[in-house]
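In order, the protein sequences belong to chains A and B. According to this note's numbering, the first sequence is numbered sequentially starting from 4. According to this note's numbering, the second sequence is numbered sequentially starting from 213. All C-beta atoms in this analysis are idealised placements derived from N, C-alpha and C, irrespective of residue type, glycine included. Comments concern the structure below.
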Amino acid sequence: MERTLTDFVRVLRNAGVRVSPAETLDAASALALAGYGDRELVRQVLAATLAKTIDDKQLFDDCFTRFFAWPESADGAPAAPRSEPAPAPLAPAAPGATPLAGLAGTDDAALVLAIDAAARGAGIDAMSSFTQRGLYTRRTLEALGWQALQERILELEQAPPGAEPGRAAGLALKQWSDLLRERVREHVERHYLLFAGAQARELRESVLRSARLSQLEERDLEQITRIVRRIARRLAARYATRRREHRRGLLDVPRTLRAGVAHDGLLFEPRWKSRRRDRPALIALCDISGSVRAYARFLLLFLYGLGDVLPRVRSFVFSSRLAEVSELFAQHPPEVALALAQRLHGGGSTDYGAALRALLEASGRELDGGASVVILGDARNNRGDPALAALREIGRRARRLVWLTPEPESLWGTGDSEMLRYRGACSEVRVVQSIRQLERFADDLLRRD
Amino acid sequence: MSRTVLPPPLPTALMDSPADIRAGFEEAHYICSAQVATTVYLAYQLQKPVLVEGPPGVGKTELAKTLAQYLSLPLIRLQCYEGLDESKALYEWKYGKQLLYTQVLKDQLGDLLKGAHGLAESVARLHEFGDIFYSEEFLEPRPLLKAMRAEQGALLLIDEIDKADQEFESLLLEMLSDYQLSVPEIGTVRARHTPLVVLTSNSTREVSDALKRRCLHLYIPFPDAVLENRIVRAQVPEVTDALRAQLVGFVQALRELDLKKPPAVSESIDWARALLLLHARALDDVLVRQTLNVLLKFEDDIQAAAENLPALLAGARAAAP
Ligand SMILES: Nc1ncnc2c1ncn2[C@@H]1O[C@H](COP(=O)(O)OP(=O)(O)OP(=O)(O)O)[C@@H](O)[C@H]1O
Ligand SMILES: [Mg+2]
Numbered sequence: 004m005e006r007t008l009t010d011f012v013r014v015l016r017n018a019g020v021r022v023s024p025a026e027t028l029d030a031a032s033a034l035a036l037a038g039y040g041d042r043e044l045v046r047q048v049l050a051a052t053l054a055k056t057i058d059d060k061q062l063f064d065d066c067f068t069r070f071f072a073w074p075e076s077a078d079g080a081p082a083a084p085r086s087e088p089a090p091a092p093l094a095p096a097a098p099g100a101t102p103l104a105g106l107a108g109t110d111d112a113a114l115v116l117a118i119d120a121a122a123r124g125a126g127i128d129a130m131s132s133f134t135q136r137g138l139y140t141r142r143t144l145e146a147l148g149w150q151a152l153q154e155r156i157l158e159l160e161q162a163p164p165g166a167e168p169g170r171a172a173g174l175a176l177k178q179w180s181d182l183l184r185e186r187v188r189e190h191v192e193r194h195y196l197l198f199a200g201a202q203a204r205e206l207r208e209s210v211l212r213s214a215r216l217s218q219l220e221e222r223d224l225e226q227i228t229r230i231v232r233r234i235a236r237r238l239a240a241r242y243a244t245r246r247r248e249h250r251r252g253l254l255d256v257p258r259t260l261r262a263g264v265a266h267d268g269l270l271f272e273p274r275w276k277s278r279r280r281d282r283p284a285l286i287a288l289c290d291i292s293g294s295v296r297a298y299a300r301f302l303l304l305f306l307y308g309l310g311d312v313l314p315r316v317r318s319f320v321f322s323s324r325l326a327e328v329s330e331l332f333a334q335h336p337p338e339v340a341l342a343l344a345q346r347l348h349g350g351g352s353t354d355y356g357a358a359l360r361a362l363l364e365a366s367g368r369e370l371d372g373g374a375s376v377v378i379l380g381d382a383r384n385n386r387g388d389p390a391l392a393a394l395r396e397i398g399r400r401a402r403r404l405v406w407l408t409p410e411p412e413s414l415w416g417t418g419d420s421e422m423l424r425y426r427g428a429c430s431e432v433r434v435v436q437s438i439r440q441l442e443r444f445a446d447d448l449l450r451r452d
Numbered sequence: 213m214s215r216t217v218l219p220p221p222l223p224t225a226l227m228d229s230p231a232d233i234r235a236g237f238e239e240a241h242y243i244c245s246a247q248v249a250t251t252v253y254l255a256y257q258l259q260k261p262v263l264v265e266g267p268p269g270v271g272k273t274e275l276a277k278t279l280a281q282y283l284s285l286p287l288i289r290l291q292c293y294e295g296l297d298e299s300k301a302l303y304e305w306k307y308g309k310q311l312l313y314t315q316v317l318k319d320q321l322g323d324l325l326k327g328a329h330g331l332a333e334s335v336a337r338l339h340e341f342g343d344i345f346y347s348e349e350f351l352e353p354r355p356l357l358k359a360m361r362a363e364q365g366a367l368l369l370i371d372e373i374d375k376a377d378q379e380f381e382s383l384l385l386e387m388l389s390d391y392q393l394s395v396p397e398i399g400t401v402r403a404r405h406t407p408l409v410v411l412t413s414n415s416t417r418e419v420s421d422a423l424k425r426r427c428l429h430l431y432i433p434f435p436d437a438v439l440e441n442r443i444v445r446a447q448v449p450e451v452t453d454a455l456r457a458q459l460v461g462f463v464q465a466l467r468e469l470d471l472k473k474p475p476a477v478s479e480s481i482d483w484a485r486a487l488l489l490l491h492a493r494a495l496d497d498v499l500v501r502q503t504l505n506v507l508l509k510f511e512d513d514i515q516a517a518a519e520n521l522p523a524l525l526a527g528a529r530a531a532a533p
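Below, the structure written as structure tokens:
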């Protein structure tokens, strides 16, 4: 039982559910109380003790279904978990001249344990790709004593007529050994899916997308970056087609009339509206000081990942001083540009006031040309001058001014946060803490444009 | 984690199995899923607090009330809000009373200090009496302390914990892991009987991991049609089977729309009552339009529902043969 539970906890952790040792102990005492007899009850008990957010419950259900699905009993219904001996003898009680053949006819649970042990012995934990499943199936079978089993079958099959145990037993054992190979293969595949496979990765991804960006660990960054790029590509594709349809659809009446003049007013040169106008820019201003750096990184990844469905992006970063980084992003892939921006312009104490004034000066022309502005930061200004007037002017001249902050509304205005004062100048203030929220923001941005 | 020996819970056969709990709750007109019953069972048997999350109106608060009633335990409720602090949650000194007593006793001071030589001796004498002002006499217990001191045990409901500030949670941590509280002036107060603790949250913010680790966790989603049907029947038994099936079908379909605030169970119940008052036998277009504001609280939502009315009604009728 202990083993089953700890294995299951390992699966949960693999899928991204955070389970503490104390919670594992709680689960153990809860199971001791409720027993293993009723699968549905076990599910409820473990859900109450191990999965403590709504996302976790979802992941938990997926994991539970897959983990406790095995072994299937003969009639196809899911059997009790491993520790509970399932009364499903798999093979005729063939006399065992090999340790493996000795397992034939024992109960299912014993067999499962034997396969599990053999697979571990065969190093299955090191399995890293699905294509290795044949290899590990073979190794596991070998560890189980496959060779000896086959020899034993051969021996029985060649027994002289009338001998006991004879050919019939050989045939039965042969069938059992086929079944066994099947079971081992299933075991290997399931193990891969549970502990290393694509499904586990998918689950994990879904967790990462809703996790707080500031709490992600270094080792998650690479995966998140990939996720962001993929989402951005998907969004870009979606809006690219929409935009094209739009462009073709509208008849430009004045231009068509004008073109008609040349043909005695007959309108046989229809002119279509094109949205080729100089597209207004999007100006992004990101605080890259310690507290919010992680968020800036992903916002910029998003904006540049969206490619040409988004209007021209001018990006600025600041900590103590403002710097434009559009050039960096034009010349390098986003990750490299980010690292460079960080190195060149990070550090120092955050000064929102100075950054806002400098931004106003640097982007006056675009602002009047209908640019939208996105500011990302926690508005924690170290009690310096917030330059509220500068922000108000940006807000007035920009088509839209959106402020993204990683801080929940309850923290606005506490300590050195200027968020409450800045809020009035913005068209919108949004709390953005996860990739999912960032994705929603990008989606809105594209929809409005 | 230091684990103190917990006082025994009240022995009761009412909590022998999740099935018993489910049946008992049903008699009290609270209809719950197996998951709810199992979690309550574990909370009682393992003496662990439960954190209940879910959308508004799915019966989180009602669950705690029902449990208290079922076990005949006093319900002690702490409603959380922004700015909730120790003096409102734990205890407060009765300043007024302390002040009054000082005034009254001023006259006695002369007698008390008679024969004392010098300041030091006077202060020493006064000191002996100072503690009186910080004794039980002057202590005003608030819900947390009340629950710890309840003679016969209690059900402590900490409602809408997500509304309180995060700092408030750290106050709860000590209490929830050891069922004891320290009051600096008096010492440690240990629970006489382990209180059953239910916390609820509407998830407007994440409750801290530390708190979650100490609790069992229960998520109550909107009920499925079968469960909701039984809830409405328990609460408004006068409604006919046919109408109930229709109205539940309608509400279920409504929740599939993209609404600002989908209708809660409590709204289904209110709607059932309203339809009963109107002597309705079956749902129809006019009736639904008239009463939609019982189910939906936002103008936009009402509009969205009105636009989809034919489909919703068809779905509802299909749900009820
Ligand atoms: N399972 C149920 N059985 C019987 N009645 C229920 C059930 N769920 C909800 N109700 C009814 O709905 C009403 C609202 O429930 P309750 O106040 O407990 O919801 P809540 O989840 O605490 O909502 P909120 O998050 O808004 O506080 C209750 O008064 C009760 O009558
Ligand atoms: Mg409530």
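Supposed close pair L159(A), R170(A) - CB separation, criterion 8 Å: Position 156 of the first sequence, counting from 1, holds the residue named residue 159(A). Position 167 of the first sequence, counting from 1, holds the residue named residue 170(A). So it is a contact: roughly 7 Å between Cβ atoms.
Could you please tell me which residues of the region 236 to 252 of chain B, in chain order, have their CB closer than 8 Å to any CB of chain A? A246, Q247, T250 and T251
So for Q291(B), helix, strand or coil by DSSP? For the purposes of this step, residue 291(B) is taken as residue 79 along the second sequence, with counting starting at 1. Of the three classes helix, strand and coil, the one that applies to Q291(B) here is strand, per DSSP.
Do I291(A) and A299(A) count as a contact pair if the criterion is CB distance below 7 Å? Here residue 299(A) refers to the residue found at position 296 when the first sequence is read from its first residue. Here residue 291(A) refers to the residue found at position 288 when the first sequence is read from its first residue. The answer is yes: Cβ separation under 7 Å.
Residue range of the alpha helix (DSSP H) that includes Q364(B): Here the question's residue 364(B) lines up with position 152 in the second sequence. It is not in any alpha helix (DSSP H) - Q364(B) carries neither H nor E in the DSSP assignment.
Closest Cβ-Cβ distance between S23(A) and chain B: below 7 Å? One-based indexing of the first sequence puts residue 23(A) at position 20. It does; some Cβ of chain B falls within 7 Å.
Along chain A, in chain order, which residues have C-beta atoms closer than 8 Å to that of R417(B)? For the purposes of this step, residue 417(B) is taken as the residue at position 205 of the second sequence. Those are P411 and S413, listed as they occur along chain A.
Meets three-Cβ-pair contact criterion under 8 Å: the region 294 to 306 of chain B and the region 488 to 504 of chain B: no
Just to make sure I have the definition right: I need the residues of chain A whose C-beta is within less than 7 Å of the C-beta of R425(B). Which are they? In the second sequence, counting from the first residue as 1, residue 425(B) sits at position 213. Those are S23, A25 and E26, listed as they occur along chain A.
In or out: Q260(B) buried (at least 16 other Cβ within 10 Å) or exposed? The sequence position of residue 260(B) within the second sequence is 48, counting from 1. First, the amino acid is wrong: residue 260(B) is Lys here, not Gln. That one is buried.
From the beta carbon of Y209(B), is the nearest beta carbon of chain A less than 7 Å away? Because residue 209(B) is not part of the residues shown, which for chain B are 213 to 533, the question remains open.
Is the beta carbon of K509(B) within less than 6 Å of some heavy atom of ligand 2? Within the second sequence, the letter at position 297 stands for residue 509(B). Ligand 2 never approaches K509(B) closely enough for any of its heavy atoms to be under 6 Å from the residue's Cβ.
Tell me the DSSP secondary structure of E418(B) in three-state form. Counting from one through the second sequence, the residue named residue 418(B) turns up at place 206. Reduced to three states, the DSSP call for E418(B) is coil.
Give a yes or no on contact between the region 176 to 190 of chain A and the region 137 to 144 of chain A, applying the rule of three or more CB pairs nearer than 8 Å. yes
8 Å Cβ shell around G356(A) - same chain, five flanking residues per side excluded: Position 353 of the first sequence, counting from 1, holds the residue named residue 356(A). So the qualifying residues of the chain are N384, G387, D388, P389, A390 and A393.
Could you tell me which of A25(A), S294(A), I156(A) and N17(A) sits nearest to K424(B), measuring between CA atoms? By one-based count along the second sequence, residue 424(B) stands at place 212. Of A25(A), S294(A), I156(A) and N17(A), the residue nearest in Cα terms is A25(A).
At a threshold of 6 Å, does T474(B) count as lining ligand 1 (C-beta to nearest heavy atom)? Your numbering for residue 474(B) matches position 262 in the second sequence. Looking at the sequence itself, residue 474(B) is Pro, so the reference to Thr does not match. No, Cβ of P474(B) sits at least 6 Å from all heavy atoms of ligand 1.
Would you grab the beta carbon distance between F63(A) and A54(A) for me? Rounded to a whole angstrom, and I think it's under 8 Å. Translated into the one-based positions of the first sequence, residue 63(A) becomes position 60. Translated into the one-based positions of the first sequence, residue 54(A) becomes position 51. Yes, F63(A) and A54(A) are in contact; Cβ-Cβ is about 4 Å, under 8 Å.
Tell me, please, which residues DSSP counts as bridged to W149(A). By one-based count along the first sequence, residue 149(A) stands at place 146. DSSP output for W149(A) lists no bridge partner at all.
For a test of the three-state rule: what should DSSP assign to I234(A), helix, strand or coil? For the purposes of this step, residue 234(A) is taken as residue 231 along the first sequence, with counting starting at 1. In this structure, I234(A) counts as helix in the three-state DSSP scheme.
Would you mind telling me which residues of chain B sit closer than 8 Å to E43(A), beta carbon to beta carbon, in chain order? As a first step, residue 43(A) is located in the first sequence; it is residue number 40 there, counting from the start. Within 8 Å Cβ-Cβ: A246.
Is the shortest distance between the beta-carbon of I438(A) and the beta-carbons of chain B less than 7 Å? In the first sequence, residue 438(A) corresponds to position 435, counting from 1. No, I438(A) lies away from the interface with chain B (no Cβ there is under 7 Å from its Cβ).
Within 7 Å of any Cβ in chain A, is that where the Cβ of Q515(B) sits? For this step, residue 515(B) is matched to residue 303 along the second sequence. It does not: the Cβ of Q515(B) has no partner Cβ on chain A nearer than 7 Å.
Output, in chain order, the set of chain A residues within a Cβ distance shorter than 8 Å of Y431(B). What you label residue 431(B) is simply residue 219 of the second sequence in a count that begins at 1. Y431(B) reaches chain A at I57 and K60, counting residues in chain order whose Cβ is nearer than 8 Å.
Could you tell me which uninterrupted alpha helix (DSSP H) segments, each at least 4 residues in length, are contained entirely in the region 278 to 356 of chain A, listed from first to last along the chain? 296 to 308, 329 to 334 and 337 to 348
At 7 Å on the CB atoms, spell out the chain A contacts of Q257(B), in chain order. Position 45 of the second sequence, counted from the first residue, corresponds to residue 257(B). What Q257(B) touches in chain A: L36.
So is S329(A) in contact with chain B if we call contact Cβ pairs under 7 Å? One-based indexing of the first sequence puts residue 329(A) at position 326. No - not a single Cβ of chain B is within 7 Å of the one on S329(A).
Using a beta-carbon distance below 7 Å, is L499(B) in contact with chain A? As a working note, residue 499(B) is residue 287 in the second sequence. Not closer than 7 Å to any Cβ of chain A, the Cβ of L499(B) fails to qualify, so no.
Let's see if you can read the secondary structure: which residues bound the alpha helix (DSSP H) around I373(B)? As a working note, residue 373(B) is residue 161 in the second sequence. Unbroken run through I373(B): none, as it is neither H nor E.
Could you tell me which chain B residues have their CB closer than 7 Å to the CB of T52(A), listed as they occur along the chain? Position 49 of the first sequence holds residue 52(A). Ordered by position in chain B, the residues that pass the 7 Å Cβ test against T52(A) are L428.
How big is the Cα-Cα spacing for R404(B) and L368(B)? Walking along the second sequence from the start, residue 404(B) turns up at place 192. Walking along the second sequence from the start, residue 368(B) turns up at place 156. Going by the C-alpha atoms only, they are around 14 Å apart.
If you draw a straight line from the alpha carbon of L317(B) to that of G399(B), how long is it in whole angstroms? Counting from one through the second sequence, the residue named residue 317(B) turns up at place 105. Counting from one through the second sequence, the residue named residue 399(B) turns up at place 187. Using only the alpha carbons, I get a separation of about 26 Å.
What is the C-beta distance between L466(B) and A517(B), in whole angstroms, given that I count them as a contact (C-beta under 8 Å)? Looking up residue 466(B) in the second sequence gives position 254. Looking up residue 517(B) in the second sequence gives position 305. Right, their Cβ atoms sit about 6 Å apart.
Looking only at DSSP bridge pairs, what is L8(A) linked to? Working through the first sequence from its first residue, we reach residue 8(A) at position 5. Per DSSP, none; premise fails for L8(A).
DSSP three-state assignment for Y39(A), whether helix, strand or coil: Residue 39(A) sits at position 36 when you count from the first residue of the first sequence. Y39(A): coil per DSSP, three-state reduction.
Under the criterion of a Cβ to heavy atom distance below 6 Å, does T416(B) qualify as lining ligand 2? Against the second sequence, residue 416(B) aligns to sequence position 204. No, the beta carbon of T416(B) sits no closer than 6 Å to any heavy atom of ligand 2.
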